[in-house]
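K.L.:
For the first sequence, our numbering begins at 15 and goes up steadily by one. No residue lacks a Cβ here, since even glycine has one placed at the ideal position from N, Cα and C. As the structure is a computational prediction, the values presented were derived from the model and not from experiment.
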Amino acid sequence: MASLSTPVISLPCHPNSSPPTFSTDLRFSSHPALSLIDQCTSIKQLKQVHAQMLRTGVLFDPYSASKLIAASALSSFSSLDYARQVFDQIPQPNVYTWNTLIRAYASSSDPAESILVFLEMLDHCSECPDKYTYPFAIKAASELRALPVGRGFHGMAIKASLGSDIYILNSLVHFYGSCGDLDLARRVFVKTPKKDVVSWNSMITVFAQGNCPQEALELFKEMEAENVKPNDVTMVSVLSACAKKVDLEFGRWVCSYIQRNEIKENLTLNNAMLDMYVKCGSVEDAKRLFDRMPEKDIVSWTTMLDGYAQLGNYEEAWRVFAAMPSQDIAAWNVLISSYEQSGKPKEALAVFNELQKSKSPKPDEVTLVSTLAACAQLGAIDLGGWIHVYIKKQVMKLNCHLTTSLIDMYAKCGDLDKALEVFNSVERRDVFVWSAMIAGLAMHGQGRDALEFFSKMLEAKVKPNAVTFTNVLCACSHTGLVDEGRTFFYQMEPVYGVMPGIKHYACMVDILGRSGNLDEAVELIEKMPIPPTASVWGALLGACKLHGNVVLAEKACSHLLELDPRNHGAYVLLSNIYAKTGKWDEVSGLRKHMRDAGIKKEPGCSSIEVNGSVHEFLVGDNSHPLCKEIYSKLDEMALRLKSNGYVPNKSHLLQFVEEEDMKDHALILHSEKLAIAFGLISLSPSQPIHVVKNLRVCGDCHSVAKLISKLYDREILLRDRYRFHHFREGHCSCNDYW
DNA sequence: ATAGGGTTAG
15 MASLSTPVIS LPCHPNSSPP TFSTDLRFSS HPALSLIDQC TSIKQLKQVH AQMLRTGVLF
75 DPYSASKLIA ASALSSFSSL DYARQVFDQI PQPNVYTWNT LIRAYASSSD PAESILVFLE
135 MLDHCSECPD KYTYPFAIKA ASELRALPVG RGFHGMAIKA SLGSDIYILN SLVHFYGSCG
195 DLDLARRVFV KTPKKDVVSW NSMITVFAQG NCPQEALELF KEMEAENVKP NDVTMVSVLS
255 ACAKKVDLEF GRWVCSYIQR NEIKENLTLN NAMLDMYVKC GSVEDAKRLF DRMPEKDIVS
315 WTTMLDGYAQ LGNYEEAWRV FAAMPSQDIA AWNVLISSYE QSGKPKEALA VFNELQKSKS
375 PKPDEVTLVS TLAACAQLGA IDLGGWIHVY IKKQVMKLNC HLTTSLIDMY AKCGDLDKAL
435 EVFNSVERRD VFVWSAMIAG LAMHGQGRDA LEFFSKMLEA KVKPNAVTFT NVLCACSHTG
495 LVDEGRTFFY QMEPVYGVMP GIKHYACMVD ILGRSGNLDE AVELIEKMPI PPTASVWGAL
555 LGACKLHGNV VLAEKACSHL LELDPRNHGA YVLLSNIYAK TGKWDEVSGL RKHMRDAGIK
615 KEPGCSSIEV NGSVHEFLVG DNSHPLCKEI YSKLDEMALR LKSNGYVPNK SHLLQFVEEE
675 DMKDHALILH SEKLAIAFGL ISLSPSQPIH VVKNLRVCGD CHSVAKLISK LYDREILLRD
735 RYRFHHFREG HCSCNDYW
C-alpha cells in the first residue's frame, strides 16, 4: 500500500499548488461519501465507503478522514485497529485527525494507546495539542487512573495558555476524582472561574463516586443556591449519592424534585432512580417506576432482578430473570453473587452449573470471583481447582480480584501450598491480595509466617487497610502472639492511620482474654471509644469459658444478651452458670424464656466434598443414601476409640451445650463425626479428609479427630467457623489452642 | 463544521 502515500488518481478540482494543503476545503464536505459514512451498518459497507474515499481522494481531506476514523473507531461493528489503519493512510493528519484518534482510544478498552498517540502527535504533528486534545487525553488518564500522566497534561495545558479553558478544567476535576484525590479535584473546581452546569456535575459525581455522598448532596444544595439549573446528569449523580447513603427519604424527594422541575426523564435517569430505590431497600417503589417506564433496557431489568435477590425474594428474582428479553452475564452474576453472599453457596454453584450448561453467555471475571467465593464457603476444592484451570485455559489474565479469590478459595479449602503458589505466581499484588494471604496463613495457625508476610507487604510499599489489620490480629489470636498483637493494635492509628474498628477491638479482646489477661481485656472494653457490640462481649465470654471465670462470664452474658437477645449460646452458658451456683429460680426462668421466645440453637452442620460433589450432615442425620454404612463405620470407630482408652469428654465447668447433648450418644453423632465416617468409607487412604463445619468444633470432636488420625493413619482437615484444624498422627496443627 | 461530564455486577 506504499503507493497510497501519494494519490494515484488525481483529485477532483484539486488545486495545482504543491505541497497540497487539505485543511478547510469545503469542496469535500458535501461529498456524497460523507453522508454514506453515517448510514453504514456493517464493516463491509464501511470498507466500501473507505475504498470510494480512497479512489476519489476525499480521504486526503483531514475533516473527511476524521469522520471515517470516528465511524471506524466508535461504531459497534468496527474496530479501533481498522481506524488505526485508516489513520496510517492519511499523509498529513492535522490536529483534528489526531484528536479524533486520541478521543477514540480514550474511551476504548485500551486507553493507554490514547496516551501513546498523544506522544506520537507531539513528535509528528506540526500543530500543538489544542483545547480539544487535552480533554480527550485527560479522559484517557482518568480511565487509567494515571495520576502522574494527568498531572503532566494539566501542566502542559497551563503552559499552552489553556489553563482556564472550562472544558479542560471540568475534565481535570473528573480526572483527579477518579484517581481518588478528592482534594485536588475540589481545588480545581474551586478555581474554575465561570462554572457551568458540567463543572457542578463533575464535582458532584466525584463526591458521589468517591464515598462522600453527603458532600455530593451538600454540593447539590449549594448549586441550587447559586441558581445553576441542574440537568438530568446532575440528578443521576445525586440519586447515586442517595443510594450510597441509603437515604430513601431524600431519594424520594429527589424523584419528586425531578418531576416538579421538569427535568426530562430519559432511560439513564430512570435507571438511576430504580437503582436508588433498590439500594435503599424499596423494591415496591422500584416496581412502580419500572411499570411506568416508557423504555427499559438490560440495566433496568438487571436492577429489578438485583432488588428481589438482595431481599432474598428468589421466587420473584427468578421470575424477572425468565422475563427479561435476554439474560446477559450480569444477570447470571446477580443470582450467583446474591446466593453466595447470603450464605447459600450450594445454590450459587447450582446457578453456575446451569450457566455452564446453557453454553452462553460465557462466565466473566465477576462470575468466577463469586463462584470461587461459594467454593471457599463450602470447601469445594475440586470445583475451585477446576475454575483455576478454566482461567488458565481461557488465558484470562489474573487480576487482583481473581488472585484474591483464588488465594482465599485454596486457603479456605485447606490447600495452603496452592494458595502460596498463586500468590507467588502473580506480578501485581494489591492490599487485598496481601491481606488474603495473611488471612490464609492465620487460619492455618501459621501466625508467625503471617506476620512475616505483613512486613514483606510493608517493604513492597503496599499500604495496609482495616482488613489487613483484622487479619494480622487474627493471626496473633490463633497463635497466641499476645505482645505482637498488642503492639500492632496500638500502632494502627498513629503509625498506619487506620482507625481501630469494632472487629479490631473484638480481636484484641480475644487475644488478651484467651491468653488469660482478662483484666486487661475488660479495661480495653471500658476504654473503647465506640460502643462494644455483641461480638466484643462474645470474645470476652469465650475467654471466661476457657479460664473458668464464672463471675466475669455472668457479666459478659448479660451484656451479650442485651445486644443480641436471641443468642442461644449465651443463654445456655448463663443457665449452666446458674445451675453450678445453685440459682435454680434463675435457671428455670431462663429456660422458660428460651422456650417462650423460641430461641433455638443453630444446628451444627458439616460438609465434605467427595469426587466433586458436596455431602452435608446434620447432628444424628440419617438422610444420606449410605446411611447404614456410615453408622456401622461409626460403631466400629467407637469400639476402636474405646479400646484405646478414649472417654467422651463432657465435664467442662462452662459448657455451651445443653444437658441432652451431653450423652455419649449425642456426642458420637455430632455432624463432623458423621462426615469423617463418610470420608473414611468413600475416600482412598491417600486422600486427606476435608470437612467444613458451620460452628466451632467441640472439644470432644477435636480429641476424637486427633485419635482417628492416628488409629486410621489418615490426614483430616477440619475447618470450623474460625479456623483450620489439621489432624495428623494424633496431633492437631492448632496445638490445642483455639 | 468538528470535540468535554452520568447509571447497572465484585
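#1: Going by alpha carbons, who is nearest to C193 out of N485, A160, L694, S251?
#2: With DSSP collapsed to three states, give me the class of V711.
#3: Is it buried or exposed for I695, if we count other Cβ within 10 angstroms and need 16 for buried?
#4: By the 10 Å Cβ neighbour count, where 16 or more other Cβ atoms means buried, how is Y751 classified, buried or exposed?
#5: For I539, does the count of other Cβ atoms within 10 angstroms reach 16, so buried, or fall short, so exposed?
#6: Roughly how many angstroms lie between the CA atoms of H740 and D533, to the nearest whole one?
#7: On the DSSP letters alone, give me the boundaries of the beta strand (DSSP E) that L731 sits inside.
#8: Would you list the residues sitting across from C619 in a DSSP beta bridge?
#9: Could you tell me whether the region 145-153 touches the region 174-182, using the rule of 3 or more Cβ pairs below 8 Å?
#10: Can you find the residues in the same chain that come closer than 6 Å, C-beta to C-beta, to A584, ignoring five residues on each side of it along the sequence?
#11: Can you grab the Cα-Cα spacing for the pair L709 / V633, in whole Å?
#12: Just how far apart, CA to CA, sit V163 and Y190?
#13: Just to confirm the assignment, what range does the beta strand (DSSP E) spanning F741 have?
#14: Just checking my contact of V242 with V211 at CB under 8 Å: how many whole Å lie between their CB atoms?
#15: Measuring alpha carbon to alpha carbon, tell me which residue in R733, S122, T114, F467 is nearest M135.
#16: Taking only three categories from DSSP, how would you classify I703?
#17: Going by beta carbon distance, what residues of the same chain come within less than 7 Å of D678, once the five residues before and after it are set aside?
#18: If you draw a straight line from the alpha carbon of I83 to that of A171, how long is it in whole angstroms?
#19: With a threshold of 8 Å, are at least 3 pairs of Cβ atoms found where one atom belongs to the region 305-315 and the other to the region 267-277?
#20: What are the boundary residues of the alpha helix (DSSP H) that V211 is part of?
#21: Decide if H138 is buried, meaning its Cβ has at least 16 other Cβ atoms within 10 Å, or exposed.
#22: Could you tell me the distance, in whole angstroms, from the CA atom of P579 to the CA atom of D610?
#23: If distances are taken between C-alpha atoms only, which option among V252, N225, P244, S216 comes closest to L231?
#24: Enumerate in chain order the residues of its own chain whose CB-to-CB distance from S549 is below 8 Å, with the five nearest sequence positions on each side excluded.
#25: Just to confirm my understanding: we take R605, look at its own chain, exclude 5 residues before and 5 after, and list those with CB closer than 8 Å. What are they?
#26: What residues in its chain sit with their C-beta under 6 Å from that of P478, if we drop five residues either side in the sequence?
#27: Just mark S627 as buried or exposed, buried being the case when its beta carbon has 16 or more other beta carbons within 10 Å.
#28: Between the Cα of S122 and the Cα atoms of L397, L133, I104, S93, which residue gives the shortest distance?
#29: On the DSSP bridge list, what partners appear for H745?
#30: Below 8 Å, is the gap between the Cβ of A323 and the nearest heavy atom of the ligand HEM?
#31: Residues bridged to F624 by DSSP?
#32: On a Cα-Cα basis, can you pick out the residue from V496, A344, T417 that is closest to T381?
#33: Report the CB separation of A362 from A388 in whole angstroms; it is logged as a contact under 8 Å.
#34: I'd like the list of long-range same chain contacts for Y322, defined as Cβ closer than 7 Å, with 5 residues on each side in sequence excluded.
#35: Among T316, P546, L196, C294, which has the Cα closest to the Cα of D342?
#36: Report buried or exposed for I644, applying the criterion of at least 16 other Cβ atoms within 10 angstroms of its Cβ.
P.N.:
By the coordinates alone:
#1: Of the candidates N485, A160, L694, S251, the one whose C-alpha sits nearest the C-alpha of C193 is A160.
#2: coil
#3: exposed
#4: exposed
#5: buried
#6: 32 Å
#7: First-last of the beta strand (DSSP E) with L731: 730-733.
#8: L632
#9: yes
#10: Cβ within range, chain order: C571, L574, L575.
#11: Rounded to whole angstroms, L709 to V633 spans 12 Å at the Cα level.
#12: 11 Å
#13: 738-742
#14: 6 Å
#15: T114
#16: strand
#17: A caution first: D678 carries a pLDDT of 49, below 50, which makes its placement in the model too unreliable to give a value.
#18: Near 25 Å, if we compare the C-alpha coordinates of A171 and I83.
#19: These segments do not touch.
#20: 211-223
#21: Within 10 angstroms of the beta-carbon of H138 lie fewer than 16 other beta-carbons, which makes it exposed.
#22: Distance between the alpha carbons of P579 and D610 is about 13 Å.
#23: V252
#24: I516, K517, A520
#25: The answer, listed in chain order, is S589.
#26: Y510
#27: exposed
#28: S93
#29: H745 pairs with R742.
#30: Judged by which ligands are present, the structure shown has none, so any question about the ligand HEM falls away.
#31: Per the sequence presented here, residue 624 reads as Val, with Phe not at that position. Note: V624 sits in a beta bridge opposite S627.
#32: A344
#33: 4 Å
#34: V297, E330, A331, V334
#35: T316
#36: It is buried - the Cβ of I644 has at least 16 other Cβ atoms within 10 Å.
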